[in-house]
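UniProt numbering numbers the first residue of the sequence shown as 1 and each following residue consecutively.
Taking it in order: structure first as structure tokens, then the write-up.
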Amino acid sequence: MHAASGHGFVHSIVMGGQDYPGWNPFVDPYANNPPRVVRKVLNDGFVANTDPDIACHHGGNDGTTAVGTAPSGSQVSFQWAYWPGGKNVPALLPADPSHRKAMLDHQGPVSTYMTSCNGDCSTFAANGALWFKIDADGYDSPTRQWAAAKLISNNSSWTSTIPPGLAPGQYLLRNEIIALHSSAPQFYPSCSQVQVTGSGTGTPSQDELVSMQTLYNGVVFPDIYADSVSFTIPGPPLVNFDSNGGGSQHSSTASSPLVTTSRASASLASTTMAPVSTSRPSGRCMYLEEFLLDPCLALGHRTKKKSLNSALGFDSSLCYVSPAELTLENGHGFCEHL
Numbered sequence: 001m002h003a004a005s006g007h008g009f010v011h012s013i014v015m016g017g018q019d020y021p022g023w024n025p026f027v028d029p030y031a032n033n034p035p036r037v038v039r040k041v042l043n044d045g046f047v048a049n050t051d052p053d054i055a056c057h058h059g060g061n062d063g064t065t066a067v068g069t070a071p072s073g074s075q076v077s078f079q080w081a082y083w084p085g086g087k088n089v090p091a092l093l094p095a096d097p098s099h100r101k102a103m104l105d106h107q108g109p110v111s112t113y114m115t116s117c118n119g120d121c122s123t124f125a126a127n128g129a130l131w132f133k134i135d136a137d138g139y140d141s142p143t144r145q146w147a148a149a150k151l152i153s154n155n156s157s158w159t160s161t162i163p164p165g166l167a168p169g170q171y172l173l174r175n176e177i178i179a180l181h182s183s184a185p186q187f188y189p190s191c192s193q194v195q196v197t198g199s200g201t202g203t204p205s206q207d208e209l210v211s212m213q214t215l216y217n218g219v220v221f222p223d224i225y226a227d228s229v230s231f232t233i234p235g236p237p238l239v240n241f242d243s244n245g246g247g248s249q250h251s252s253t254a255s256s257p258l259v260t261t262s263r264a265s266a267s268l269a270s271t272t273m274a275p276v277s278t279s280r281p282s283g284r285c286m287y288l289e290e291f292l293l294d295p296c297l298a299l300g301h302r303t304k305k306k307s308l309n310s311a312l313g314f315d316s317s318l319c320y321v322s323p324a325e326l327t328l329e330n331g332h333g334f335c336e337h338l
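Written as structure tokens, this is what we have:
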């Protein structure tokens, strides 16, 4: 069974000055939407590093017919939805310290890789690809922050730079957050298709390429609750095809060898979600159902959604079905399958 407990997927991606909607696993399967440049994911859960689908998540191995366009050297922004503590997260249950703690603990490194589709991305299988790193950030000693905390503080958005001088062609962009709050790390990869333009000729060398199936072999991830934290970002060095320096704005952290520092204190972000009214499952409604996973855990049992809807100040009339029907149709044992 695929992992269903977790939080987050790329809701949209901005590249080449255009905002492209992502694949929403709670809405798009029920709608007749145009193809997305962001490859499919089955849910907002995580994958394990030993999973065959670690490259682009469950459902992301196969291509889509949509491709975005961006010049080499330009920035790409990944807008994540429902990452704990970030954008589109409703007010928490303040009297519930376990739930509050869960929202603060989804901390870890963030990275962006690319791979050439060797032609048409729509027919390119991601699982067997070799990838090169364009951006990575881990644990920052001066600020005592994980990269995921920076993403949250930036409205759940992460920006990377397509390397200047990269040869034109179709590529996959892979943005990933790793959450380290559990006994085993949780990997949240997302892949998007891009046509890189420009006159560059740069291609990665063999020692700059890595398989996602082996990238994390032997990596020891730290205990984020320890008094001191040490972490070295895994993988090859950032590629650089330009004499003036390529890579991303996060590259300085990526090249640092080892960081040891005291545990960081996190801050809680809370946002108000805009009303949604639709005849289909709304993103807000579907998201709430998945979001209620943590309250179920915190309260120690599978709680009735209606009471939690009220406690969260959620207007259940915005759902296209009643909370009880949501429990049966879309909840079907989220809390039971952990």
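For every residue, glycine included, the Cβ atom is placed at its ideal position computed from N, Cα and C.
In this text the structure is predicted, and so the values were computed from the model without any measurement.
Outcome for residue i when other beta-carbon atoms lying within 10 angstroms are tallied against a minimum of 16
i, result
"Tyr-20", "buried"
"Thr-64", "buried"
"Asn-61", "buried"
"Gln-186", "buried"
"Val-229", "buried"
"Val-220", "exposed"
"Asn-175", "buried"
"residue 364", "With the chain represented from 1 up to 338, any question about residue 364 goes unanswered, as that position is not in the structure."
"Tyr-30", "exposed"
"Gly-68", "buried"
"Ser-182", "exposed"
"Pro-35", "exposed"
"Gln-18", "exposed"
"Gln-107", "buried"
Assigned secondary structure, residue i (DSSP; H/G/I helix, E/B strand, else coil)
i, result
"Thr-123", "helix"
"residue 371", "The displayed coordinates of the chain run from 1 to 338. Any statement about residue 371 would go beyond what the structure contains."
"Ala-147", "helix"
"Ser-211", "strand"
"Gln-206", "helix"
"Cys-285", "Because Cys-285 sits at a pLDDT of 35, beneath the cut-off of 50, its placement in the model cannot be relied upon, and the point is left open."
"Ser-199", "coil"
"Ser-192", "strand"
"Pro-222", "coil"
Extent of the continuous beta strand (DSSP E) run through residue i
i, result
"Ser-116", "110-116"
"Ala-179", "169-179"
"Lys-40", "Where Lys-40 is concerned, there is no enclosing beta strand (DSSP E), given that its DSSP letter is neither H nor E."
"Pro-21", "18-21"
"Phe-231", "228-231"
"Gly-68", "68-71"
Bridge partner(s) assigned by DSSP for residue i
i, result
"Trp-158", "Phe-78"
"Trp-131", "Val-210"
"Pro-237", "According to DSSP, Pro-237 bridges with nothing at all."
"Ala-184", "Paired residues: none, contrary to the question."
"Val-47", "Phe-187"
"Gln-107", "Gln-107 pairs with nothing; no bridge assigned."
"Asp-242", "None, per the DSSP bridge assignment."
"Asp-137", "Val-110"
Element boundaries [alpha helix (DSSP H), containing residue i]
i, result
"Ile-13", "That residue, Ile-13, is in no alpha helix (DSSP H); its beta strand (DSSP E) goes 9-15."
Near the ligand SAH: residue i beta-carbon under 7 angstroms from a heavy atom
i, result
"Thr-203", "As for the ligand SAH, it is missing from this structure, which has no ligand bound."
Are three or more beta carbon pairs between the region 197-209 and the region 136-153 nearer than 8 angstroms?
no
Between the region 70-77 and the region 21-32, can you find at least three pairs of beta-carbon atoms closer than 8 angstroms?
no
Report yes or no: do the region 109-129 and the region 225-238 share at least 3 C-beta pairs separated by less than 8 angstroms?
yes
For the pair the region 150-160 and the region 116-126, tell me if three or more CB-CB distances fall below 8 angstroms.
no
Answer yes if the region 38-53 comes into contact with the region 159-168, meaning at least three C-beta pairs across the two stretches below 8 angstroms, and no otherwise.
no
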